[in-house]
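Numbering-wise (the numbering used here), the sequence shown opens with residue 886 and increments by one.
Glycine residues also receive a C-beta, built at the ideal position from the N, C-alpha and C atoms.
Structure, as structure tokens:
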Amino acid sequence: MTGPAGPVTGLDAVFRYARRADPADRFSEPAPVRRDGAASGTAETATAFPQAPGALNALLGGANGELEQSESAFQLRVQAPDGARGLPVVVFIPGGGFLSGTGNARWFTSPALVQAGQTVLVTVNYRIGALGHLGPRGDAHESQRPLRDLMEALHWVRDEIAALGGDPGNVTLAGDSAGAWYAYALAAEPRAAGLFRRLALISLPWEPPLTPEALGDRWALMSASLVDSGGLSEAPLDALLGAQTDLARAYAGRGMALMPATGGALTADLHDYAASAARLHVESLLLLSTSEEATAFLRPAPERAFPPEAVDGFLHARFEDPAAVAAWIDRKRPGASGKERMAEAMTLHQFRLAHLELAGAASGAGLEVHLGGFSVQSPLPGAGSPHCMPLPFLFGDRACWADAPMLEGLPPEVFEATASGLQEWLLGFVRDGRPRAAGEQVAPFAPEDPRRLEFDGDAPQVRVPGEAGLVARR
């Protein structure tokens, strides 16, 4: 059968889960669509929601841009092995900084998880950028449109996945980056209860929702830039995407250009994990972060943008003991440049310490938690182990990432060994909530003795996180 990425074994099909309730309104709510009963065959041609080239293309390559773009790309891709029946299901939400991404990208082709791992893999499209987060009013409800798209996709999985070989009672919701952000928000959303049992978050950023006021500022800027093009509702796509790119430029270094704002069930304490972890309606949680997440965001910036006083100011603003953090960075990266020190500090604040905080809070709330770290180094100069680096290893088909600069020159044996270990860990979690390493169950996270399973290119090892004891200021 032929799917979006080419010939595969088993089912690889693209299905529509929703349409716009009002086809004439680009901001219309999603209305459910169900299959016509065909259990095989590509139901639709794969498309992506409109987007400009992704900010991390210099690391990942340009797979997101290979598909036809459509404002009606309410699609999900289902991969299942031959003879699938009652298999565990992974619903994966791709990231892209809230501005880009598609579940139909070739990156997510995964014989390793599907055929070898005997799972059903579902990758999802949802509205992004201005189409996802803005509208005629510029209010919080409009900004949460992607969450409603994703809820509709999860209802489709509940209703349809059994006929395609999956078990609707054994669903793991997973996501990377902004996709992990949405997955976490859905796990704290009472109306999503019962749609998935487990939660796997890759590079979840600490990124509280926008305030309504901050959203209003962004809405006003976008609206003003499109006043001569028909406004948000009528502007041609090229004008809309151009204004969105200008908005991203205006907010560079000042927060996300677009993302959901607080309102209704999306509360301001979503990323106050001590509060929100108690609301999670899942039984277990898996977390994975990389050792140098922030290099992905800072690599294009010039060194002169990070003088010592800027780095020290960041440390004093973001950490309870900035001197301890500075000493930790110096031990990890002796002689690091200003940009390298800033990348380490941002990785600590937004990812590493945030994951430790969430692991502790979720464990205290009664969830079984598994914490992982990824530190395989990209051969790309200055990249380290950046944001999104684990994805090729998790999905496992290196040919689908052949143009990813971050993998160029990585020895095949390192890729294969790391991919095997990472997939074993994830698949154990997906099957029964018990990750495995070298055939053995991995003990869950214990706040009183925090440990993390490290994937560094050799055999996975359980270690004490080096940053344990440092405290981020929130």
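Can you check DSSP and say which residues form a bridge with residue i?
i	result
G1294	Answer is none; G1294 lacks a bridge partner.
S974	Note that residue 974 corresponds to Val in the displayed sequence, not to Ser. In DSSP, V974 forms a bridge with V1005, V1056.
R836	No answer is possible for residue 836: it lies beyond the span of the chain, which begins at 886 and ends at 1359.
E1253	S1169
I1046	According to DSSP, I1046 bridges with nothing at all.
F1259	T1175, F1340
P1148	Note that residue 1148 corresponds to Gly in the displayed sequence, not to Pro. Bridge partners of G1148: L1151.
F900	L961
E953	T932
L1084	L1058, L1170
Q1361	This structure gives no information on residue 1361, because the portion of the chain shown stretches from 886 to 1359.
A916	R904
A1357	F1204
L1095	A1146
G1051	L972
Excluding the five sequence neighbours on either side, which residues of its own chain have a C-beta within less than 6 Å of the C-beta of residue i, listed in chain order?
i	result
F1278	T1303, A1304, L1307
A1047	P1053
G939	N949, G981, S985
P1345	G1306, A1322, L1338
T1130	A937
E1074	A1150
W1104	L1019, G1023
L1058	V976, A1068, F1081, L1084
If we ignore side chains and look at the alpha-carbon of each, how far apart do residue i and residue j end up?
i	j	result
L1106	N1010	27 Å
P1350	R1237	9 Å
Q954	Q1000	29 Å
A1153	R1083	23 Å
E1177	R1226	11 Å
L1095	G1064	16 Å
G1324	L1200	41 Å
P1332	V1356	14 Å
L1165	R1189	43 Å
D1288	L1032	31 Å
G1354	G1258	17 Å
T1180	G1060	20 Å
F829	A1077	Here the chain covers residues 886 to 1359 and nothing more, so residue 829 does not appear.
E1253	M1144	29 Å
R905	S957	7 Å
Return the residue from the list the options that minimises the CA-CA distance to residue i.
i	options	result
G971	P1185, R1043, H1166, A1202	R1043
R1012	E1027, A1073, G1023	E1027
W992	E1301, R1316, G1342, F1280	F1280
W1041	G982, V974, A990	V974
E951	R920, F959, G988, F977	G988
A1322	A1331, F1330, E1339	E1339
G1051	H1018, V1005, I1087	V1005
A990	G1002, L998, K1224, Q960	Q960
G946	P1345, F1330, A1284	A1284
A943	D1282, G1342, P1296, C1273	C1273
T1318	A1133, A1085, E1037, F912	Before going further, note that residue 1318 is Gly rather than Thr in the sequence given. For G1318, the nearest C-alpha among the options comes from A1085.
Q1235	L1122, L1173, A928	L1173
Leaving out five residues before and five after residue i in sequence, what residues of the same chain have Cβ atoms less than 7 Å from its Cβ?
i	result
A879	Residue 879 cannot be examined here, being either before or after the span of the chain that is shown, 886 to 1359.
E1309	R1321, A1322
P908	none
A1128	M1107, S1110, L1111
P1264	E1293, G1294, L1295
Going along the chain, which residues of its own chain have a beta-carbon closer than 8 Å to the beta-carbon of residue i, five neighbours each way excluded?
i	result
R1358	A1202, R1203, F1204, E1205
Please determine whether the Cβ atom of residue i lies at a distance below 6 Å from any heavy atom of the ligand SAM.
i	result
A1239	By its list of ligands, the structure shown contains no ligand whatsoever, and the ligand SAM lies outside what it can speak to.
Would you mind sorting residue i into buried or exposed? The rule is 16 or more other CB atoms within 10 Å of its CB.
i	result
A931	buried
A1268	buried
A1120	buried
R1022	exposed
Would a check of beta-carbon distances place residue i closer than 7 Å to chain D?
i	result
S1088	Going by chain labels, chain D is absent from the structure shown, which holds only one protein chain.
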